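Going by the working numbering, the first sequence runs without a break in its numbering and finishes at 245. For each residue, glycine too, the CB sits at the ideal point set by N, CA and C. Being a predicted model, the structure only gives us computed values, none of them experimental. Quick notes on the structure that follows.
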Amino acid sequence: MEGAGNGEQRKGLWTVEEDIILMDYVKVHGKGKWNRAAKFTGLKRDGKSCRLRWMNYLSPSVKRGAFSEEEDDLIIRLHKLLGNRWSLIAGRIPGRTDNQVKNHWNIHLSKKLGVKGKYKVSDSSSEFSKKPEADFSIKSSSNDRSIPSNKTEAELQNVLEGSHEKAKEITSTQEPILTSDFYDPYLYAPSLMELLDESLDFLWHDF
DNA sequence: AAATCACGCAACCGCAGTGAT
DNA sequence: TATCACTGCGGTTGCGTGATT
């Protein structure tokens, strides 16, 4: 891979200078091709590191600061439904990354809920507690936000498909909340979040 | 004031999936 | 069709910092 012949790779925390270099690169070339970004900028970081730094920290869509009660509540409920599918959960919480959600869960929420064992989600605690054999067959167009398959799959699909249409309606009449570059109507329409939240409610009573 | 501990966050690692050639 | 590069994800680790002793 890249970097193999590149002598020493820097590790650890990013410096301000590195951040600026990476941000400048993204400004000009856009996201993606992170390995090339690493080469092009001369950063002694590999592509994965550049990507992670951007996604988790530099991206303007990343919300900093403490999690709100609403976010906590949403995470708890989505985790109940989806298990440790952090990217999926984060995808439903505007401005939060999977890393943030994961950390927040492990540090705060798992304690709060008395979940035993770091990262462990008991098999029974999550309806969709992952495994490859499960049919995560429904894919959204833009990303791997697949939806677990089980008896509620169709319902969930309806929720999300309906949400998609509603999102278009909602977002077509309002300004994007965040920069267009990262704008995802699935995620950033507050009305949609409420809708999704309400729509999922019927799923919770089974748990 | 120094040492220790606990917590929180950022970053790394390994693997799997996907697309391009 | 096979291979490779790239991306994304979840789990884990390491470091910085504030609190406590």
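| Asked | Found |
| --- | --- |
| Just reading off the alpha helix (DSSP H) that M61 is part of, what are its end residues? | V54 to H67 |
| Take the Cβ of T53 as the centre, count every other Cβ of all protein chains shown within 10 Å, and call the residue buried at 16 or more, exposed below. | exposed |
| Tell me whether P132 is buried or exposed, calling it buried when 16 or more other Cβ atoms sit within 10 Å of its Cβ. | buried |
| Answer yes or no: do W124 and V100 have a C-beta to C-beta separation smaller than 8 Å? | no |
| If we ignore side chains and look at the alpha-carbon of each, how far apart do L112 and D136 end up? | 14 Å |
| Anyone know if the C-beta pair for G70 and A76 falls short of 8 Å? | no |
| Output the boundary residues of the alpha helix (DSSP H) element that contains G125. | According to the sequence as given, residue 125 is Ser; it is not Gly. That run of the alpha helix (DSSP H) goes W124 to A128. |
| Can you tell me whether V100 is helix, strand or coil according to DSSP? | coil |
| Grouping DSSP H, G and I as helix and E and B as strand, with all else coil, what is T327? | The requested residue 327 does not occur in the structure, where the chain is confined to residues 39 to 245. |
| Helix, strand or coil: which one does DSSP assign to I131? | coil |
| Here's a check: name, in chain order, each residue in its chain whose Cβ is nearer than 6 Å to the Cβ of T79, leaving out the five neighbours to either side. | I59 and Y63 |
| Looking only at its chain, what residues have a beta carbon closer than 7 Å to the beta carbon of F105, apart from the 5 residues adjacent to it on each side? | H142 |
| Between the Cα of N122 and the Cα atoms of N144, E109 and E108, which residue gives the shortest distance? | N144 |
| Can you grab the Cα-Cα spacing for the pair A128 / L51, in whole Å? | 23 Å |
| Which residue's Cα is closest to the Cα of E55: L126, L81 and K49? | L81 |
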